[in-house]
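In the numbering used here, the protein residues as written are 1298 to 1418.
Take a look at the structure:
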């Protein structure tokens, strides 16, 4: 995937590519290392995206050492994966909504358009 140059002089990936990688990671259940090799990016980059977008992988355990030896219910693991996928989708939708709202405000201000809601329906 081609990187784009950001304002800081560092190269970055487009937002849609980041979400494609995260969605693929969640859907396949593969390790971060495997996914990073497939996309030709570092595992550290993917971990940074997960942290930035608030996505937690279901196989990342926060259990105590005594609970780690117990078998994990497959339904629970599936629900954790689905929850992480939905959180990622929600974040993406909220980000798009914010961008659209900002874009609308810029257009309205630039072209001096007044959109007032009707209160007397």
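Glycine residues also receive a C-beta, built at the ideal position from the N, C-alpha and C atoms.
Assigned exposure category for residue i - 16 Cβ within 10 Å defines buried
i, result
"residue 1376", "exposed"
"residue 1410", "exposed"
"residue 1328", "exposed"
"residue 1324", "exposed"
Under the three-state DSSP convention, the category residue i falls into
i, result
"residue 1413", "coil"
"residue 1336", "helix"
"residue 1327", "coil"
"residue 1373", "helix"
"residue 1395", "helix"
"residue 1353", "coil"
"residue 1402", "helix"
Integer Cβ distance of residue i from residue j, believed to fall under 8 Å
i, j, result
"residue 1320", "residue 1382", "7 Å"
"residue 1322", "residue 1343", "7 Å"
"residue 1374", "residue 1355", "5 Å"
"residue 1332", "residue 1318", "7 Å"
"residue 1315", "residue 1346", "5 Å"
"residue 1412", "residue 1405", "6 Å"
Chain C contact for residue i (CB, 8 Å cutoff)
i, result
"residue 1313", "In the displayed structure, chain C is absent; only one protein chain is listed."
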